[in-house]
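A.B. asks: In our numbering, the protein residues as written are 318 to 493. C-beta atoms are modelled at their ideal positions from N, C-alpha and C, and glycine is treated no differently. Keep in mind that this is a model prediction, so the values were computed, not measured. Mind having a look at this structure? Questions to follow.
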């Protein structure tokens, strides 16, 4: 597939409306609250929520569990068990940090049609370096989604929440 060739649409033919700017920011801030809760539970500061097609109803929220059960991948796996692929295609996963390649792949396979994030993997790498608990990979989610066969919409980074998320990570990783 070349850059000029569009992705074949293997996703369900479900109409998706975009979230408003207010909804987008509100849900990213909610994901930030989930990330802060993760820290209070002794986990890494990552948070994700799944929002229904109405852009209002929060269906699920998940903080980070451990190095192989990230907030996004855990949420996507549980969502895939609880909702149809057609329904998930019209949902949005909001997450504080750009999904790593594992989480982007899991969201893709779960058939979540839109992913919104506040801060990039590159920015996370600046906070973590080669930290043994979070050896951040240089494979961004755009790369992962671009190599799939369905057009997952990716929105981010979102400047209005970036600095708050960055500050949370800088504080956390400086102490660990």
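Starting from residue 472, trace the beta strand (DSSP E) in both directions and tell me its first and last residue.
C.D. replies: From DSSP, the beta strand (DSSP E) with residue 472 extends over 470-472.
A.B. asks: Report the residue from 405, 436 and 375 whose alpha carbon sits nearest the alpha carbon of residue 476.
C.D. replies: The option with the nearest alpha carbon to residue 476 is 436.
A.B. asks: Taking the straight line between their C-alpha atoms, what separation do you get for residue 293 and residue 349?
C.D. replies: Past the edges of the chain, shown from 318 to 493, lies residue 293, and the structure says nothing about it.
A.B. asks: What are the boundary residues of the beta strand (DSSP E) that residue 351 is part of?
C.D. replies: Run containing residue 351: none in the beta strand (DSSP E); it sits in the alpha helix (DSSP H), 338-357.
A.B. asks: Alpha carbon to alpha carbon, how far is residue 403 from residue 471? Give it in angstroms, no decimals.
C.D. replies: Those two C-alpha atoms are separated by around 18 Å.
A.B. asks: Using a Cβ-Cβ cut-off of 6 Å (strictly less than) and excluding sequence neighbours within five positions of residue 419, which residues of its own chain qualify?
C.D. replies: Once the five neighbours on either side are set aside, the close Cβ partners of residue 419 are 390.
A.B. asks: Please report the straight-line C-alpha distance between residue 319 and residue 487, rounded to a whole angstrom.
C.D. replies: Because residue 319 sits at a pLDDT of 37, beneath the cut-off of 50, its placement in the model cannot be relied upon, and the point is left open.
A.B. asks: Quick one: grab the DSSP three-state call for residue 377.
C.D. replies: Strand.
A.B. asks: Grab me the residues of residue 354's own chain with a C-beta within less than 8 Å of its C-beta, minus the 5 sequence neighbours each way, in chain order.
C.D. replies: The residues are 364 and 380.
A.B. asks: Which of the three DSSP states, helix, strand or coil, is assigned to residue 482?
C.D. replies: Residue state, collapsed to three classes: helix.
A.B. asks: Skipping 5 residues on each side, what residues in its chain have a beta carbon closer than 6 Å to that of residue 496?
C.D. replies: No statement about residue 496 is possible, as the shown extent of the chain runs from 318 to 493 and does not include it.
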